[in-house]
Structure formats: C-alpha cells, structure tokens
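Taking the UniProt record's numbering, I'd label the letters of the sequence shown as residues 1 to 701.
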Amino acid sequence: DGVVDSDKVNNLDAKIPESQLETEEKGMEEKPTRESDGNIWDLSRDKHISIQRHLADLEKLVDLREDKKKPCPLCPEEKFKACYSHKLHRHLQNLHWKVSVEFKGYRMCICHLPCRPVKPNLVGDQTLSKMGAHYHCIICSATIIRRTDMIGHINRHVNKGETESRFITVRAPTNQVIKESATDVQVLPNHSTPQKTDSYFNPKMKLNRQLIFCALAVLAEERKPIECLDAFGATGIMGLQWAKHLRSSVKVTINDCNENSVKIIKENCHLNKLKVKLNMKEGDSDGTVGDGEENTDTIEVTKLDANVIMHLRSFDFIHLDPFGTSVNYLDSAFRNVRNLGIVSLTSTDISSLYAKAQHVALRHYGCNIVRTEYYKELAARIVIAAVTRAAARCNKGIEVLLAVALEHFVLVVVRVLRGPSTADNSAKKIRYLIHCQWCEERIFQKEGNMVEENPYQQLPCDCHGSMPGRTAVILGPLWSGSLFNTGFLRRMLLEAVQYGLDEAQPLLKTLVCEAECTTLKHFSTHGPGDENKQEECGVYIKTSNNSAESYLVAGKRKGEEVIRGAAKRQRGEHSAEHPAFYYNVHRHSIRGMNMPKLNKFLNYLSEAGYRVSRTHFDPMGVRTNAPLAQFKTVLMKYSTPTYTLGQAEGPVHLPGDGQVGGEVPAAADTKEEDAEFPEDDKSGILDAVPTQSFPTDCAAD
Numbered sequence: 001d002g003v004v005d006s007d008k009v010n011n012l013d014a015k016i017p018e019s020q021l022e023t024e025e026k027g028m029e030e031k032p033t034r035e036s037d038g039n040i041w042d043l044s045r046d047k048h049i050s051i052q053r054h055l056a057d058l059e060k061l062v063d064l065r066e067d068k069k070k071p072c073p074l075c076p077e078e079k080f081k082a083c084y085s086h087k088l089h090r091h092l093q094n095l096h097w098k099v100s101v102e103f104k105g106y107r108m109c110i111c112h113l114p115c116r117p118v119k120p121n122l123v124g125d126q127t128l129s130k131m132g133a134h135y136h137c138i139i140c141s142a143t144i145i146r147r148t149d150m151i152g153h154i155n156r157h158v159n160k161g162e163t164e165s166r167f168i169t170v171r172a173p174t175n176q177v178i179k180e181s182a183t184d185v186q187v188l189p190n191h192s193t194p195q196k197t198d199s200y201f202n203p204k205m206k207l208n209r210q211l212i213f214c215a216l217a218v219l220a221e222e223r224k225p226i227e228c229l230d231a232f233g234a235t236g237i238m239g240l241q242w243a244k245h246l247r248s249s250v251k252v253t254i255n256d257c258n259e260n261s262v263k264i265i266k267e268n269c270h271l272n273k274l275k276v277k278l279n280m281k282e283g284d285s286d287g288t289v290g291d292g293e294e295n296t297d298t299i300e301v302t303k304l305d306a307n308v309i310m311h312l313r314s315f316d317f318i319h320l321d322p323f324g325t326s327v328n329y330l331d332s333a334f335r336n337v338r339n340l341g342i343v344s345l346t347s348t349d350i351s352s353l354y355a356k357a358q359h360v361a362l363r364h365y366g367c368n369i370v371r372t373e374y375y376k377e378l379a380a381r382i383v384i385a386a387v388t389r390a391a392a393r394c395n396k397g398i399e400v401l402l403a404v405a406l407e408h409f410v411l412v413v414v415r416v417l418r419g420p421s422t423a424d425n426s427a428k429k430i431r432y433l434i435h436c437q438w439c440e441e442r443i444f445q446k447e448g449n450m451v452e453e454n455p456y457q458q459l460p461c462d463c464h465g466s467m468p469g470r471t472a473v474i475l476g477p478l479w480s481g482s483l484f485n486t487g488f489l490r491r492m493l494l495e496a497v498q499y500g501l502d503e504a505q506p507l508l509k510t511l512v513c514e515a516e517c518t519t520l521k522h523f524s525t526h527g528p529g530d531e532n533k534q535e536e537c538g539v540y541i542k543t544s545n546n547s548a549e550s551y552l553v554a555g556k557r558k559g560e561e562v563i564r565g566a567a568k569r570q571r572g573e574h575s576a577e578h579p580a581f582y583y584n585v586h587r588h589s590i591r592g593m594n595m596p597k598l599n600k601f602l603n604y605l606s607e608a609g610y611r612v613s614r615t616h617f618d619p620m621g622v623r624t625n626a627p628l629a630q631f632k633t634v635l636m637k638y639s640t641p642t643y644t645l646g647q648a649e650g651p652v653h654l655p656g657d658g659q660v661g662g663e664v665p666a667a668a669d670t671k672e673e674d675a676e677f678p679e680d681d682k683s684g685i686l687d688a689v690p691t692q693s694f695p696t697d698c699a700a701d
C-alpha cells in the first residue's frame, strides 16, 4: 500500500549524515526526475507539498530528529497542535500517507490546509470552519474532496491522454486564448467549471451570444448611441463583441462582482486593443489604442453587484446571464431601464424549468409544472411570466420579441413599455393552463375571476367523461401571449447575414416561420404587408428595402401616441398571433402504422385548412391551431400499415370515414385503392387498422 516501516525510516535517518541530505536536496533541485515512460517532470518547485514520492520525503518537511514539538506541515494549528517527533510520525503515516492516491510513483496525500477556494458568501470566521480535507491533483492542480472522486479524476486525465503536469506554478496558472467572432479572450485552464474558476467560459453558448448580439444590433439601428450593460461579465466576451463590431453605436459597460474576473476583463480589453475605464468614478481611462488610429471605443469595467449597478444607472439594453436563475435580478433590471429599451436574460437552471426539479420551480418562479411533451415552451412561458410580474411592479409592460429554449439555456428578449396601462395589459396575459394527463390536450383558462362549476368543459377532449377520476391538472401561472415578434426577428436575421453569424441564421429562419406559423418553403424576407413597414410593440417602424438602415420614431409623448394609434388601425393587416404550444408527431403516432414524413404531414394539415409550422423547441414538433382530435385524424388518415412494404404514402380510407374537411373522396382515388388492394386483401388490411388512436406513453384517450 505504499506504507514504509517506521523502524527502517528511523534507521535511514540515523545513518545518513546531514551534509549528504543537503547535497541530495540540491541535486533534486538541479536535476529533474526521469520517469519510467520517458516523460520528464520538474515538480521539485511546482508541486504542492502534499505530493511526495516517499514517506521519508514527507517527513523531511519537518525535522523529526530534533527533540522539540513540531506542527504538522499539512494541517493547520487549529486542527492538529504541535507535538513531538514520534507522535508526529504516526500522524503523518496514518492520517496522510495511508489514504493517499498514487500516480506514476507520486503519492497525493490528503491535505487539511486552507488552500481550497471557498464560496464568496463564506467570510470571516466561517471560512476556517468550512475548510475540510482535500487532495491536490498532480496534473491540473485541482482540489478534490473525496478520495474516490480523486481516483476518478486521475482516470479521466489518463483517458484523455493528459499524463504530464500542465501547470508551471500553482500560483500563476497559464491562460488560454480563445477566439470567437473575431474577438480574443483569455481564460483560465479550468474555465469550463463554474464552481472552480472565476472566468467561466462556455463554448456551447456561442449561439446564445450570437442571438443577443443580433438583438442589440437591431436596437442600435433604431437609436444611437445606446448604453448597454453586461451584468455578469466573467471573461467579458459578450461585451467585447458588442464594442468591437458595433463600435461607436454602443457604450458598453461590463460588470462583475469578482475581482479576478474584473482583472481578466481588463486584460481581454487590452488584448483586443480597446480602451478601458476601470470604474464610474475614475475620469481617466486606462487602455491601449491601435497603431496610428484614434480609437473611440471605450469599455467601462465595474466591480459592483449586479443589483447595485442597475439601481444606480439607466441603460437602454441590459443582459442578465447569471449562473442559474435570474429572478433575483429582475426587479433591479426593470427599475431604471429606459422606455422602449430591451432586457434579455439567459436562464440556465434547466433542471427546474424542464420539470426535473418541480419544487425548485415552485420556489423560484411560483409556478406549478409537470413534465409534458411541450416542456421547453412551458419553460419559456414560465420565465416570461416572472419577467412580466417584475416589470408590472415597476409600472412597466413588456412585448416579447424572442423566446428560445434549447438544450442548455432558455433565452428571453423583451422590450420595455412604460406606463401603468401597458403593465395592466401585460399582466392580463398571465393565466393558468389546464392540461389533460391522458391525451395531453391543453388550453388556457378563460379570463375572469368567477369559479366555473366544471372546469373540464374547457378542454376540447372528452377524457373526463370516459375516464374515471381526475384527468387534468392546472399548471401555471404562465404567459399566454405571443412568444415572437416577426418584424424584429426578420431584422435580426438581416443583421446576422450582415455580420456573418452562420450559426444563428438557420435558427432565426425557423423562428420567423414559427412566428408566422408557416412552412419554410413559404418563407420570404419581407412581411405579408408593406415591405417597408413593420409593427413592433405597438410602434410602427420604417425600414429601407435593403434593411441596412432602420429607425424608430421616438419623439415626444404626443408623437408616440399618434404612431401607436396608426399602428392600431393597421394592426389587422398583419398575420394573426401564432398558436400556443405544439404537438409531437411521435408522441401521438398510431401503433402498427407508419406515419408520413413530417414535411408531407405539414402539407396535409395545411390542405385541411389549418395553420401549421415546425418549431425550434422540438425537431419533431408541429405548431398548429388544429385540435388534438383533428391532428390525430389527419395523422391516421395518411398513415400506412407497417407490413405493407414498398407501399406509397397515401390516405387510408376507412368505411364511413370522410375526409377532414368534409369532402368526398374522388372516384379516381377510389379506383386506385381498388387496384392497389384486391378484394381478398381488403378485409385483412382493414382489420389491421386500429379504430382508436393511443398515445405511446399512456392509456387510450
């Protein structure tokens, strides 16, 4: 087990003279240790004191030959008081060496020193009480608490081929430079772990940053200059992209409450040749300017709490991206945001929003939810409902411009409208949702405070009448309004094309089709009405033909009322609001039947007279205004039995069944059916077709 006999160690110490020990220590500093596999490490100065080769090396940290009380080198005095050599030897052997983790001849002993970083809320005397035993990784200098976790941590390094020490010194870890959208940022080696680093950087959130940049670029075209705030800077990548691409159109402020993050943000500003203004009180700016170029791009870096800076100053654009939920910062965000400004927030607490931790969703958002087929859109409506309530407390209303829910985050972008009337209109759109647990039909409750005698009557399905017990649950409160603004999304798409944001363009096209509830083949770059007119937030916006220049008329209050009045008169020219929620085709597929291709099924629903589109929430989801019963009818009609190999996709006509629209099948179709299926085979095929449709995960509806 790597334990050395204590008697042998004492004899070795007695035989080796002191001069020879000094020469050996000097030789260890001058010559690196050669491993069996040929890798050369120089860990004599860089490794932590808890990482040693032999127990004798660990005892060399304390001279045990002197008959004096000595403290333990790996324990603080509060945990282990100074003692004599024989007791200290047993302490090092039994407590530190026996529970060590071995890797290539080195032993990573357990350490009790206060070298593990603590959470920011632990201050004062609480810090020492929270310090516990931990291990220091010999490869990446990380600190791990449990021994089993340390063994797994080392095994992961070995599986990745990382078998050499990557750190030069523990005090100054090497920074890595990452480039994204023509912006360079320095990050720490453990930048992907938010609990262990001050500069958290997630490459998977690149799409999220591009969407926020497009929203800011659209706002920058309406009025210049605008003051924008990145409340949680971390590495400052988002604010640097704003300042580098939009330049004089924006005044960027990057804030972070961590001192190390502020230092990294300042270094990244120098790396991208941008001026830095350290805080609001300093008049001088500290930064670098390009060669022979008068750089007017100045980034203000502040070290304040996010709530404090949003209370102190007013901004036109605010982005919130904390680690987890953002409900703690909504009241401050809407307090001083300017009229017709934009607030965007990214929520990464997907475990609660996606109904994996329902009690956390109730605690943070005050919302009752269950896991449904449309859980991602449900999460977006939960966040918007919390945003609406926070804005209404500040006598402000909102207009939802964009709501995206993907694997790692939920992004919501809203425009702020001042006034108690707009706040009341927004608050009225928060309703409860009735969800049937048998067939997963859903509908928002009607407006009003009167209690209905039978709330099940609001559901289009008849599961309550055919099934015993309670078949539905009430979810919410949720946002019942629209999730997208078509005009704003089209302008975001044009900005994405202009700045070459390739990853955001396909998603924005899908969002435009989803907002208009149309298929992609009917997609056009102009709206259904006038090409040079778009309505957003009750305000009419004029755009040029190439959409490179657009402006928002934001004059005095009288001028705004005239514009809003004209917008209300022409509101009927625009397409209706997209239907709420969507259906998953696989969820409602019919057992024993091959359903048609998704694009063909969309055409079938459109031919039946319903609005239909795909959705970004679910790759197999269909957003339509058709009830679930009609959805299943069309799906069953154009499905084919599984055992008819090579049969072309087409309608399955059952005896006595007409088409969805009430039309009678054509004679040619009937002849084709007769020619395709002989009389002898018709009975067997019709017997194989089920008469009822069953969900795949529950009983029959």
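Using N, Cα and C, we set each Cβ at its ideal position, and we do this for glycine too.
Handout entry: Within 8 Å, strictly: CB atoms of Arg611 and Cys517
Key = yes
Exercise for the section: From the DSSP output, in three-state form, read off Cys83 for me. Expected result: strand
Handout entry: Given 8 Å, three or more beta-carbon pairs between the stretch 440 to 453 and the stretch 416 to 424
Key = no
Practice task
With Phe213 as the anchor, note down where its alpha helix (DSSP H) starts and where it stops.
Solution key: 206 to 222
Practice task
Go through its chain and collect everything with a Cβ distance to Ser36's Cβ below 7 Å, but skip five positions before and after it.
Solution key: Residue confidence for Ser36 is low, a pLDDT of 38 falling below 50, so the modelled location carries little weight; the figure read from the coordinates is stated next. Here the set comprises nothing.
Exercise for the section: Identify whether Met108 lies in helix, strand or coil by the three-state DSSP scheme. Expected result: strand
Handout entry: Inter-stretch contact at 8 Å, needing at least 3 Cβ pairs: the stretch 196 to 216 / the stretch 466 to 483
Key = no
Exercise for the section: Could you say if the stretch 480 to 496 and the stretch 389 to 400 meet the contact criterion of at least three C-beta pairs nearer than 8 Å? Expected result: yes
Exercise for the section: Please name the residue in Phe232, Thr148, His112, His153 whose C-alpha comes closest to that of His134. Expected result: His112
Exercise for the section: Would you check if there are 3 or more beta carbon pairs closer than 8 Å linking the stretch 356 to 373 to the stretch 601 to 615? Expected result: no
Handout entry: Residues of its chain near Val187, where Cβ-Cβ distance is below 7 Å and the 5 sequence neighbours each way are ignored
Key = Asn175, Gln176, Ile178, Ser199, Phe201, Thr235
Handout entry: First and last residue of the uninterrupted alpha helix (DSSP H) at Asp149
Key = 147 to 159
Exercise for the section: Measure from the alpha carbon of Phe315 to the alpha carbon of each residue in Lys303, Val308, Ala333, Asp305, then state which is nearest. Expected result: Ala333
Practice task
Look up Leu598 in the DSSP assignment and say whether it is helix, strand or coil.
Solution key: helix
Handout entry: Helix, strand or coil at Ser482 [DSSP, three-state]
Key = coil
Handout entry: Bridge-paired residues (DSSP) for Tyr329
Key = DSSP, once it has assigned bridges, lists no residue as partnering Tyr329.
Handout entry: Unbroken alpha helix (DSSP H) run spanning Glu377, endpoints
Key = 375 to 393
Handout entry: Spatially closest choice to Arg313 from Leu345, Asn258, Thr253, His586, by CA coordinates
Key = Thr253
Handout entry: Other residues of its chain near Gln437: CB distance less than 7 Å, five sequence neighbours each side excluded
Key = Thr471, Ala472, Val473
Practice task
Output yes or no for whether 8 Å exceeds the beta carbon distance between Ala357 and Ala380.
Solution key: no
Practice task
Output the distance between the C-alpha atoms of Asn454 and Gly465, rounded to the nearest integer angstrom.
Solution key: 12 Å
Problem - Burial state of Tyr106, where buried means 16 or more other Cβ atoms lie within 10 Å - result: buried
Exercise for the section: Find the nearest neighbour of Lys277 within the set Glu59, Lys244, Ile299, Cys72, judged by alpha-carbon distance. Expected result: Ile299
Practice task
Give the DSSP bridge partners of Phe444, in chain order.
Solution key: Leu433
Problem - Meets three-Cβ-pair contact criterion under 8 Å: the stretch 331 to 349 and the stretch 382 to 390 - result: yes
Handout entry: 8 Å contact criterion, which His91 and Leu64 should meet: CB distance rounded
Key = Actually they do not touch by this definition, with Cβ atoms about 11 Å apart.
Exercise for the section: Taking only the alpha-carbon atoms, compute the straight-line gap between Val412 and Ile382 and give it to the nearest angstrom. Expected result: 11 Å
Problem - Whole-angstrom distance between Arg335 and Val308, CA atom to CA atom - result: 11 Å
Handout entry: Cβ-based neighbour list, Glu676, same chain, cut-off 7 Å, excluding 5 preceding and 5 following
Key = In this predicted model, Glu676 has a pLDDT of only 39, less than 50, meaning its place in the structure is not dependable; the value taken from the coordinates is given anyway. Same-chain partners within the cutoff: there are none.
Handout entry: Ala496 vs Ala504 beta-carbon contact at 8 Å
Key = yes
Handout entry: Short Cβ contact (8 Å threshold) for Val99 with Arg146
Key = no
Problem - Beta-carbon proximity list for residue 745, same chain, < 8 Å, skipping 5 on both sides - result: Nothing in the structure corresponds to residue 745, since the chain is present only between 1 and 701.
Exercise for the section: Classify Phe488 as helix, strand or coil using the three-state DSSP reduction. Expected result: helix
Exercise for the section: Tell me whether the beta-carbon of Ala220 lies closer than 8 Å to the beta-carbon of Ser181. Expected result: no
Handout entry: Residues near Thr642 by beta carbon distance below 8 Å, same chain, minus five either side
Key = Gly592, Met593, Asn594
Handout entry: Nearest candidate by alpha-carbon position, reference Gly366, set Tyr375, Ser352, Gly621
Key = Ser352
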